[in-house]
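Undergrad: Numbering (full-length UniProt numbering), first residue to last: 3 to 331. Beta carbons are placed, not taken as given, at the ideal position from N, Cα and C, and that holds for glycine. These numbers were taken from a predicted model, which means no experiment stands behind them. Below is a structure I'd like to ask you about.
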Ligand code: SF4
């Protein structure tokens, strides 16, 4: 299966400056700190973790909405980490994003027709306004809306319908990769399933590759093939979704899974619960050694001193925790 995205040692640091007249650089928020992974065609790759773990910054950097501090982002075999805005244009078309909040992502002063035809004209996908209109109507139908909706404004739609419009806009330019940033968490539970089914349908029909950002582990398990668990800017566990969820090794992954209900009571019974205590530490002053040690029930002296390397548990499962060495998991 063809590799579509290859991220190597990606870093995104935000500098912090103090002082009123003369700004002095006092440190960095290491939002994304040396992450590497690959995504294959038609796969759904999930980035999970608590808010502030770096998953959204990682996605925005991969899309080049913000510039990386260091590292490589290869898309269809080409490194896009240093491309100019102009050089990025063809990639922008191929990589689209659907945001969490459809209200903020749709211009309230534009009709749905304008919202959908604008990217078609901008990327010169169609020759004229009539063709743009016809294509927009076709896409609107694909997401379950009607042609008469073209003349309406975003505020005339429900949350679920707005998200359908945002999906239509993302799909209109013919992307191959879709970034889904918590795309259902602002919606009513009853609507969430409809939107998820829409994503699954389009993935099948249009051969789409998804980068799915979420904190909802039940949903991640349901729709993803691979998962990377992030904590304070780093990936702490990664692999095939079934393997990671059935045999989680990192105490943080276990804790996240403990907090998420599992529909199967048998699995629920066998599972030892780890309850997360404390909040995510300050990303400006991350803890020494393993960043998770202040919250980890299994920490040892080594954990306070050394950041654990990434261990390969199997072909499709990696984890960064000293327990692997100690217990030979
Ligand atoms: Fe816990 Fe140590 Fe593993 Fe970190 S390295 S998760 S502190 S056991």
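Quick check on the burial criterion: 16 or more other C-beta atoms within 10 angstroms. Buried or exposed for residue 158?
TA: exposed
Undergrad: Out of 12, 98, 27, which has the shortest C-alpha to C-alpha gap to residue 18?
TA: 27
Undergrad: Rounded to a whole number of angstroms, what is the C-alpha to C-alpha distance between residue 138 and residue 29?
TA: 47 Å
Undergrad: Between the Cα of residue 294 and those of 316, 275, 258, 314, spot the shortest distance and give me the residue it belongs to.
TA: 258
Undergrad: Are there 16 or more other CB atoms within 10 angstroms of the CB of residue 320, so buried, or fewer, so exposed?
TA: buried
Undergrad: Would you say residue 305 faces chain D, with C-beta separation under 7 Å as the test?
TA: No chain D is part of this structure, which consists of one protein chain only.
Undergrad: Return helix, strand or coil for residue 245, following the three-state DSSP convention.
TA: helix
Undergrad: Please work out which residues of its chain come closer than 7 Å, Cβ to Cβ, to residue 37, disregarding the five sequence neighbours upstream and downstream, and give them in chain order.
TA: 9, 12, 60, 236, 237
Undergrad: Give every residue whose Cβ lies closer than 5 Å to any heavy atom of ligand 1, listed in chain order.
TA: 253, 292, 294, 295, 298, 300, 301, 305, 310, 323, 324, 325
Undergrad: Any idea what DSSP makes of residue 1, helix, strand or coil?
TA: As displayed, the chain neither begins before 3 nor continues past 331, which places residue 1 out of reach and without an answer.
Undergrad: Name the one or two DSSP bridge partners that residue 236 has.
TA: Bridge partners of residue 236: 233.
Undergrad: For residue 124, count the other beta carbons within 10 Å of its own beta carbon; 16 or more makes it buried, fewer makes it exposed. Which is it?
TA: exposed
Undergrad: Assign residue 287 to one of three DSSP states: helix, strand, or coil.
TA: coil
Undergrad: Which of the three DSSP states is assigned to residue 328 in this structure?
TA: helix
Undergrad: What first and last residue would you give for the beta strand (DSSP E) that runs through residue 35?
TA: 26-42
Undergrad: If you check the beta carbons only, do residue 226 and residue 46 fall under 7 Å apart?
TA: yes
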